[in-house]
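From first to last, the protein sequence lines stand for chains Z, G and V.
For the first sequence, counting from 1, position 256 maps to 256 in the working numbering; every step adds exactly one.
One gets the working numbering by counting positions in the second sequence from 1 and adding 759 to each.
One gets the working numbering by counting positions in the third sequence from 1 and adding 1047 to each.
Glycine residues also receive a C-beta, built at the ideal position from the N, C-alpha and C atoms.
Predicted model only: the values in this text are computed from it and were never measured.
Take a look at the structure set out below.
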Amino acid sequence: MIGTNRYIGSPVERVEDLRFLRGRGEFVGDLRREGMLHAAILRSPSAHGRLRRIDTTAAYATPGVRAVITAAEIGAVPTIPLRLLPLPGTERFLQPIIAVDRVRYVGEPVAVVLADSAALAEDGVGAIALDIEELSPVADRRASGRHDILLFEESGTNLAMAFIAVSGDADAAFREAAYVRRECFQVQRYTALPMEPRGLLAEWDGAQGRMTVLGAAKVPFFNRDTLAAMLGLAPTHVDLIENDVGGGFGARGEFYPEDFLIPFAARHIGRPVRWIEDRREHLTAMNHAREADCEIEIACRQDGTILGLRGEVFIDLGAYVRTNGLIAPRTLAQFFSGPYRVPNMRITATALLTNKTPAGTYRAPGRYEASFFCERLIELAAGDLAIDSAEMRRRNLISAAEMPYKLPRLEPGGPMVDTECDSGDYGEALDRCLAEFDWAEKCKLQGQLIDGRYHGVAVACFIEGAGAGPKETARLELASDGTVAVYVGSAAVGQGLETVMAQIAADTLGIPLDRVRVFHGSTSYLEEGYGAFHSRSTILGGSAVFEGARALLEKVRAAAAARFGGSTEEIELVDDRARISDGRSVSFAELAADGLRVDTAFANNNKLTYAYGSAAAHVTVDPGTGRVELLDYLVVEDVGRIVNPLTLHGQAIGGVVQGLGGAFMENLVYDGNGQLLTGSLADYLIPTATDFPAIHAIALENHPSPSNPLGVKGAGEGAIIPVGGLIANAVAAALSSVGAEPNELPLSPPRVWRLANPS
Amino acid sequence: MKPAPFEYHAPATLREAIDLLVSDPEATVIAGGQSLIPVLAFRLAAPSMLVDLRRVPGLGNIAVGESGVRLGARVRWRDIEHDRRLPTAHPLLREAVAHVAHYQIRNRGTVGGSLAHADPAAELPGIAVTCDAEITLVGAAGARNIRAGEFFTGPLSTVCQADEIITELRLPFWPADRRWAFQEFAQRQGDFALAGIALFYDRDRYGRVRDAHVGVIGACNRPQRLRKVETLLNGHPVDEDLIREAAAAAAQTIDPPEDLHAGAAYRRALVATLVERSLRAAAQPRGS
Amino acid sequence: MRVMFQLNGKPVEVDVEPRMHLADCLRDELRQTGTHLGCEHGVCGACTVVVDGAAVRSCLMLAVQAEGCTVVTVEGLSTDDALTPLQTAFRKHHALQCGFCTPGMLTTAHALLTEEPDADADRIRAALSGNLCRCTGYIPIVEAVLEARAAYQKTDKP
């Protein structure tokens, strides 16, 4: 760093807030265009069937309806490609952007109605008559695994993909182990549920042959390329614009059917088209996540040292393989052991197709589920071997001396068949967590019944792998008024990108923060970009901005040298001025009379960062109602380097509360006919302000990442990872007197009541 | 989620409102809209006309007197919360209303709307039935009074005819030394109750229970009094044995629905817990 | 149908279908897009506005029902470019991330503190329990509202 700024590490208030607090955010639903039509989507009411006929006569007769688009109007219906892990065999299970002759889940798009208003479009949707020949639905992964009713008959199977993660020799380890335990666990199907439903506003410029789509998020560049190919346009003639985005959490921004349908509609009708998803359709249309069950064994020595883990995990993938649908399965297998040293592992993860909404990634995909399975099993082992919970973790955590620590090899692995934990002292975070939580004191309450409530405490540890490559791009432009525009390929989903990138740029350039303006996400800014997923924005985008800023300083230096007729070595840059040895100086702004610009990219060779930490929880259980009250929750995470402690803390608290939603109340429930029973926010429950008031988070930066110039590690997903297993273990501890084993999520009141009252 | 189209009228008198209902059998009354509008948004109903009571005078009063508490149909939860007389005049009503939905809903939701919607887990129908309240309906044929216990016929279903409008709810006089409790269990604050118990009793000169009223919400398909439990309580002092018996009887006597949030066995156990806790709370002077 | 009401201190007049809810009227007819729609069935609270002094869900109110009312939206909380104390407290405590639920949080908190400037943390949490947020976990929001109470205290006047 140069100059006197110290933005990095400071709790800088966010620049984004100024517009959000005044109600001047620009979310896609806030935008309009002259002559705009509104789209509504007819979605399949049937989970599995042959689509025989779509009768749009009555829809066309509905006032205000301008057009109805079905597969017939589209012609050759493209399928949505995989963005990540496009492994051979998956092409059989890709989702068509509209149903052609088959529907495979309730919510699958069947037709698009264009009308003068959203209400009229919805009237039109209600007037379409569908003739569907019902087929028996594949209701769950067990039915799927019998392969008697197939979602894709030509493929001959419902198996989308199977992964295997191996290290050492698991079978040998189990043969020799003094202690072995096998259990089954299950995590429910639930979803990211950002507060803003999705939306798109597409404009077709027939004269120029250009398509512009607003409402992009997460991975605009990939989506732009995909859309261009589907529309038969050159990528340079398609722009995806990112506005303000109301949360993503992994689910928003992937390429969905609507990402084709709405632009197609705009071109088809020659008018701008806006589609805003409503919450009811959102629950069947936006990626589901997490549903997995397993049968797993652990092998240990008598002293609790884990020798091996082996077993099978099954993932209910829904009806199609989504753009990132294989990430949770592959991660479940490879990251099953989390931060623990397990020298011998064999975990298979089998992803099966069912007649449900397709599943994709949701904050810490696969890792939340794996942590639940692994932490429960470790806790059971600790109990059987009479070892204290914390001690059991301490004995088995990967130590600092073992870094970098290689995780199991994954097959088929794609770009990250091998990965290793980069740096850190996991035991240090555990010790800090236990101390701050007052573990020794709280343990005295373990299993006690006080005032009619059972008390339980538990601790868990986690790693958060982040920063998938290949790279991220940035452009920095110094203008003649002294401001710097930073364009970055990263996408904003509410995480404070504009502020964090500005801090990095301002510190590196040595200029005041308010002279930096960050532009993000839209394909119109840069030629290529990669986006926001895998908590990569600060690592890759931030590093790109950092290196771009340094490169910009070199250009400033060179420009100053040229102006003064000296060499670059004689130039000193201090506080926004370039000074040569004889005392002459010039401001950055003056040097930029014709603009100074740098284009850069930061690539990391898919070398991931691993933030890590520990979390502890104290719960009480009311055996009369099954209510669990969370008295105290603490997460400690070492993130390598903290750029903005305010936004970082926000990620931790927000992540914990999302995790608690999954632990206690969120659940997408299907009946045996593939009908989604939780069809509104009155039935799909997420945490509210009164549920979890006692959450604390501490961030450490003791062990920077060696793989990027900032030393930062991705920190958006760590806090959510251990929540499920931690809460289940705390409830188990509370109910130890009745031998409760909470092996399924969510721990709703009826389920906990049953655990507390086994007779 | 936009509703299907409808006509809208905001008549100035009750008579005009009734005439509108008579003129169109597919018309529906709207007051606060907090229960009705979500139904319209999901297109679970598509009335051709909404008749808004917002301009009709005389429906918004709370009267407190020797005959009890009278709530006009357009009285909002907010009005009940702000009325300084009610914590003394009817503490059970006051306590139950604190559990209704959320802050914003309580600013618009009404007594009449809640009664008309008849959600089996709603608080006010439960209080009305427990307290043996009376509901006045006015229609083309004139006014009639129905006891709350006969008003609700099932989930979302009442005896209210298409041309009738609820105008008032009357709760009997509440003696100052009455023992009472209200206990509800919901997954999150403001959610519909998985089960709830409203109970009160007076005492004879030996301190034994007299005239017990025990009502349940959420664990049945309509709010109802648990007569068997009341009979068990009457004439006895409240002690641990009685509490246990009453709780067990309550669990046995109900016929709980099964839904995606809870099964029957859980709801029975929950009702037992709530009866037990209500009786303990009621045994303290001044209720819960 | 024609509807007239006061919006953020100014009289407005619109002509809307009866079925249009107040939120859509504010957003589409009156171009005040600060009020957001997160569910349209009265659960999430993102659409909260203040009508005649009370916080209400504008998706659960028909535009035609606003006839003669005084409506305040998030845009009307601050009258010039400065942030109000409540907004300043939100920023200081990082009580917003994606910003989508924020207008509803602000209007609800504003209505609450206007009537109950001494509301404690439990009361604030209860009043905000009808506003869903997916990003923050609520704790910083409650802290911000607690801090903003000072600005709503009634000053003693002779």
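Contact check, residue i vs residue j, beta carbons under 8 Å
| i | j | result |
| --- | --- | --- |
| S371(Z) | H1088(V) | no |
| L745(Z) | V187(Z) | yes |
| A663(Z) | V621(Z) | no |
| A790(G) | G871(G) | yes |
| L94(Z) | T70(Z) | no |
| A1195(V) | L1130(V) | no |
| I539(Z) | N355(Z) | no |
| G360(Z) | T331(Z) | no |
| A401(Z) | I721(Z) | no |
| V484(Z) | V516(Z) | yes |
| I398(Z) | R341(Z) | yes |
| Y633(Z) | I695(Z) | yes |
Cutoff 8 Å: residue i Cβ touching any chain G Cβ
| i | result |
| --- | --- |
| G1123(V) | no |
| T1095(V) | yes |
| V619(Z) | no |
| P1065(V) | yes |
| D691(Z) | yes |
| L1109(V) | yes |
| R50(Z) | no |
| E73(Z) | no |
| I2(Z) | Confidence at I2(Z) is low in this model, with a pLDDT of 46, below 50, so the placement of that residue should be treated as unreliable; the coordinate-derived value is given next. Cβ-Cβ to chain G under 8 Å: no for I2(Z). |
| A119(Z) | yes |
| G1085(V) | no |
Chain Z contact for residue i (CB, 8 Å cutoff)
| i | result |
| --- | --- |
| L1029(G) | yes |
| R1039(G) | no |
| E1194(V) | no |
| S1047(G) | Summary for S1047(G): the model assigns pLDDT 43, below 50, so the residue's position carries little reliability, and this model does not support an answer. |
| S1176(V) | yes |
| T869(G) | no |
| C1106(V) | no |
| C1017(V) | Residue 1017(V) cannot be examined here, being either before or after the span of chain V that is shown, 1048 to 1205. |
Per-residue burial, residue i [other beta carbons within 10 Å of its own, 16 or more giving buried]
| i | result |
| --- | --- |
| Q448(Z) | exposed |
| R584(Z) | exposed |
| E498(Z) | buried |
| T1154(V) | buried |
| S46(Z) | buried |
| Y190(Z) | buried |
| C184(Z) | exposed |
Residue of the options minimising C-alpha distance to residue i
| i | options | result |
| --- | --- | --- |
| F174(Z) | S337(Z), E277(Z), A299(Z), R50(Z) | A299(Z) |
| V488(Z) | V459(Z), E528(Z), A466(Z), I511(Z) | E528(Z) |
| K713(Z) | N604(Z), A697(Z), V628(Z), D55(Z) | N604(Z) |
| L476(Z) | A170(Z), I132(Z), D259(Z), M501(Z) | M501(Z) |
| A1058(G) | H995(G), F911(G), H1020(G) | The question about residue 1058(G) has no answer, for chain G in this structure spans 760 to 1047. |
| D970(G) | R929(G), A800(G), E1017(G), D891(G) | D891(G) |
| M760(G) | L795(G), S794(G), A800(G), A769(G) | A800(G) |
Test: residue i CB closer than 8 Å to a CB of chain V
| i | result |
| --- | --- |
| D1018(G) | no |
| V493(Z) | yes |
| M195(Z) | yes |
| F951(G) | no |
| F941(G) | no |
| F944(G) | no |
| D811(G) | yes |
Counterpart residues of residue i in DSSP-defined beta bridges
| i | result |
| --- | --- |
| P96(Z) | T79(Z) |
| W939(G) | F959(G) |
| K1057(V) | L1054(V) |
Residue i Cβ short of 7 Å to the ligand NAP heavy atom set
| i | result |
| --- | --- |
| R563(Z) | Although the ligand NAP was asked about, the structure shown includes no ligands whatsoever. |
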